[in-house]
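Numbering (our numbering), first residue to last: 4 to 902. We put the CB at the ideal spot given by N, CA and C, even for glycine. None of these values were measured; they are calculated from a predicted model. Below is one structure, written out as structure tokens; comments come after it.
Following this line, the structure appears as structure tokens:
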């Protein structure tokens, strides 16, 4: 590809003029430049170039005094947004302006969805072109598609722009008005969002169901029957269905409180089941009935955004965010079509390519006479207009792509699904059998078994969908039964009683949460990955394996929102808001009137402004307190985490405890553990009491200073600056020490640090214990010590020898510790990723970037996909800070999030 001819350095093409093409990403620009060639300059905007101000410092000076400036939206003037060019995009905007000044035409080639349309509008509004402007759209990056798009541009679709800008303003109003309520009543630096808060509520409600759940215990009987024939299979298993016509209770017959909700069902307990099994052993049986029906399974439709995320989670163990990241790379490099889409339709070209490849790989008998046409069932389906499929008029097999790693795996998944969607149905036969027999007490027992045989696999040859429940049979799984007929005699090889317990509802995984949000029509499918990423990053939710577990902080946030902002987290209300935004996109609703009703209220309904203005009656302690069932212990969410409280008796809740695991018994155990505060004795030198404590950053010792003497009568109390106030000495416990065994002598040694050894070259030398371990220090120079004990034994002479040696980088003089696990290559850097133990806990690294494991991440179970996510997030954070680590700041709400 002549990529160099389409770069920003190329000149005008043969007198035909120069066309500037602007896309969002540099990778996309490079690929498209090669397809367009001479006469075109392809440059990237590097994402959004402007947005609502993210902080007060970004508000232009002339607006700083306005009452609405902090919102960035003039709610008094038709919700006029205040847009500012992002500080990190100013240089790129200047570059684009310079290129535009030398161009004869401007092509805005951002993605063909609402967000892409909005980015194109922002570019036009900021660049203010004086040359003809065209909107160039495509849903795959192939040579034919790009050249076709360049030859057939259209105008900007202002309805889509209006809908996206309304969404952005709505999310700003919601986030900036509701989040401060959380800061005041729950904890600083929390966030609320139109979709993220509802997603959090879903996860919390599921955990509430698990907490309230009472298991029911029931028994049934399983038998293995033998036909006595030579044909295979000759034996099969069946379960007890009824006794004397009364159906035997199964798990579905019990309510979540453990009670039997089906009154006419027979509930067998262990003694009854075992006794009945004994009475049924050795008895004659016969086939009561055999019902055979044709089995047909139609192909699954091609992928849309949400189904791709779900299947990648089930089959590849990818998170939604990671799936979209890999898919983005495949799209930008011309391997798949646009990956943010609600559509499941295929173009005629794609259908032809799929059918041709299916016939080539599996034979013509696997391809139906007529193409399959799929229609989307997603309400208000929009975004790009075709399903996710391999790019091009002919599809490359995975082996032909040259891809590797996770890009290969995801492409293969998309390719298989697309091919399968144009193949024939799988056909076969389903069978239902009933077997009867009499017990020794003439009880009529009926057993049942079902089977399935597949006579023609059809599309299942290419692709089989996975299920969220691992116990569910796959579509290609057969259950073969013997060839039975009514009246056939059978022998029971075994008749055994089996016990069961009902299980609480399964926690959401990323895949099932995406499915739930889509089914409830909450938010846009293209935003689900970022929404899940947000609630994980905010620690409202953490992962245990693949399960999403809410934190007690999430319980407090949801409590407040449900009790005081019920509509804002109501599922139907949130879905209705999405309908309104779609009506604006279709031109059926007017933006300003819609936003006015939401913010200021209408016809007796409170608007957001009124809701957030009346928060005086919110009981901050009440919404952050959760009584534990069956006890007088309460869970409270405090500024520094969650803890147990019973009449002032407190205990921290370990991070690894899920809310449904915190039973009354477990809470009692935690409260019974030593509090960690131990009085060790009195310092003979000062007379101060020395205590050992458990703190946020680990165990430590400190001294209790006496209260200052009260002022003499008639004297005013002197105000002491905080910096001048006396501070108690503190010292962290060594790794070899524990709160239970530390002595007063040990504590006094710790409090004696830093220890002065003497002077070298006129500078004092001290031995100190720091956050990175024990060390000696002289001026600005330092050297690590081999162990904590050396803090009390190292001499000035030994220190002199250490300072004479070259300073070693890394962790002192010890050899680098071996990695805890090797995970494989990072898809982004292509470097091997390992898990290591760090000063602040385990972390993953590819040798260049380090990222700490999050709450819920386990060394033993973390995958390369999860590690790649953590590393990618860390790189983004470092890049946002100019490549340097800096204190975390409040995250900006991007237009992309839809939250």
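Residue 841 bridges to which residues according to DSSP?
Beta-bridge annotation (DSSP): residue 841 is paired with 844.
What would DSSP say about residue 476, mapped onto helix, strand or coil?
It is coil, neither helix nor strand.
Classify residue 528: buried if its beta carbon has 16 or more other beta carbons within 10 angstroms, exposed otherwise.
Residue environment analysis places residue 528 among the buried positions, since at least 16 neighbouring C-beta atoms fall within 10 angstroms of its C-beta.
Taking only the alpha-carbon atoms, compute the straight-line gap between residue 636 and residue 559 and give it to the nearest angstrom.
Using only the alpha carbons, I get a separation of about 17 Å.
Please state whether DSSP places residue 298 in a helix, a strand or coil.
DSSP places residue 298 in strand when its eight states are reduced to three.
Look at the Cβ atom of residue 653, then the Cβ atom of residue 742, and state whether they are nearer than 8 Å.
Contact check for residue 653 against residue 742 fails: the beta carbons are separated by 8 Å or more.
Can you list, in chain order, the stretches of the alpha helix (DSSP H) that have 4 or more residues and sit fully within the segment 735 to 812?
Listed in chain order, the complete alpha helix (DSSP H) runs (minimum 4 residues) inside the segment 735 to 812 are 747 to 754 and 799 to 807.
Give the secondary structure of residue 512 by DSSP, where H, G and I count as helix, E and B as strand, and everything else as coil.
In the structure shown, residue 512 sits in a strand (DSSP, three-state: E or B).
For residue 853, which beta-bridge partners are listed by DSSP?
In DSSP, residue 853 forms a bridge with 848.
Tell me, to the nearest whole angstrom, how far the beta carbon of residue 139 is from that of residue 152; I am working on the premise that it is less than 8 Å.
Between residue 152 and residue 139 the Cβ distance is about 5 Å, and since that is below 8 Å, they are a contact.
Cut-off 6 Å between Cβ atoms - residues of its own chain near residue 750, not counting five sequence neighbours on either side:
Apart from the 5 residues on each side of it in sequence, residue 750 sits with its Cβ closer than 6 Å to the Cβ of 683, 693 and 704 in its chain, given in chain order.
Report the CB separation of residue 242 from residue 451 in whole angstroms; it is logged as a contact under 8 Å.
About 6 Å separates the two Cβ atoms, so the contact holds.
Hey, is the segment 19 to 34 in contact with the segment 110 to 118, meaning 3+ C-beta pairs nearer than 8 Å?
As far as the Cβ criterion goes, the segment 19 to 34 touches the segment 110 to 118, which means the pair count is three or higher.
Is it right to say residue 209 is buried, meaning 16 or more other beta carbons lie within 10 angstroms of its own, or is it exposed?
The residue is buried, with at least 16 neighbouring Cβ atoms inside 10 Å.
CB contact flag (residue 656, residue 673, <8 Å):
Yes, they are a contact pair.
Span of the beta strand (DSSP E), counted from its first residue to its last, around residue 558
The continuous stretches of beta strand (DSSP E) do not include residue 558, which lies in the alpha helix (DSSP H) extending over residues 555 to 567.
Other residues of its chain near residue 686: CB distance less than 7 Å, five sequence neighbours each side excluded
Result list for residue 686: 693, 706 and 751, in chain order.
Helix, strand or coil for residue 618, going by three-state DSSP, please let me know.
In the structure shown, residue 618 sits in coil (DSSP, three-state: anything other than H, G, I, E or B).
Start and end residues, beta strand (DSSP E) containing residue 490
Per DSSP, residue 490 belongs to no beta strand (DSSP E) and is neither H nor E.
Separation of residue 370 from residue 460, as counted between CA atoms:
Going from the Cα of residue 460 to the Cα of residue 370 covers about 12 Å.
If you run the structure through DSSP and keep just helix, strand and coil, what is residue 21?
Under the three-state reduction of DSSP, residue 21 is assigned to coil, being neither helix nor strand.
For residue 945, the residue or residues it bridges with in DSSP:
Coverage of the chain is limited to positions 4 through 902, which leaves residue 945 absent and any answer about it impossible.
Looking at the strands, I want to know which residues DSSP matches up with residue 137.
Note: residue 137 sits in a beta bridge opposite 110.
Secondary structure at residue 835, three-state DSSP: helix, strand or coil?
The answer is strand: DSSP assigns residue 835 an E or B state.
Within 10 angstroms of its Cβ, does residue 859 collect 16 or more other Cβ (buried), or is it exposed?
Result: buried.
Between 73, 331, 116 and 142, which has its C-alpha nearest residue 29's C-alpha?
Per the C-alpha coordinates, the member of 73, 331, 116 and 142 positioned closest to residue 29 is 331.
Tell me which same chain residues have a C-beta within less than 7 Å of the C-beta of residue 387, skipping the five on either side of it?
With a pLDDT of 49 at residue 387, under the threshold of 50, the predicted position of this residue should be treated as unreliable, though the coordinate-derived value follows. Here residue 387 has 115, 116, 142, 341, 343, 344 and 346 as same chain residues with Cβ atoms under 7 Å from its own Cβ, once five neighbours each way along the sequence are excluded.
Fully enclosed by the segment 368 to 435, which alpha helix (DSSP H) runs are 4 residues long or longer?
Entirely contained in the segment 368 to 435, the alpha helix (DSSP H) runs reaching 4 residues are, in chain order, 401 to 404 and 408 to 423.
What does residue 293 pair with, by DSSP beta-bridge criteria?
Looking at the DSSP assignment, residue 293 forms a beta bridge with 436.
Quick check on residue 274: does DSSP put it in helix, strand or coil?
DSSP places residue 274 in helix when its eight states are reduced to three.
Look up residue 656 in the DSSP assignment and say whether it is helix, strand or coil.
Coil, per DSSP.
Using the beta-carbon count (16 or more within 10 Å), is residue 409 buried or exposed?
Residue burial is scored here from C-beta neighbours: residue 409 has at least 16 other C-beta atoms within 10 angstroms and is therefore classed as buried.
Give the range of the beta strand (DSSP E) segment to which residue 63 is assigned.
Residue 63 -> no beta strand (DSSP E), and no H or E assigned at all.
Within 10 angstroms of its Cβ, does residue 186 collect 16 or more other Cβ (buried), or is it exposed?
That one is exposed.
Check for me: the alpha helix (DSSP H) holding residue 151 runs from which residue to which?
Annotation for residue 151: the continuous alpha helix (DSSP H) segment containing it runs 146 to 154.
Segment contact flag, the segment 169 to 180 with the segment 506 to 523, C-beta cutoff 8 Å, min 3 pairs
Using a C-beta cut-off of 8 Å, the segment 169 to 180 makes no contact with the segment 506 to 523, since fewer than three inter-stretch Cβ pairs fall below that distance.
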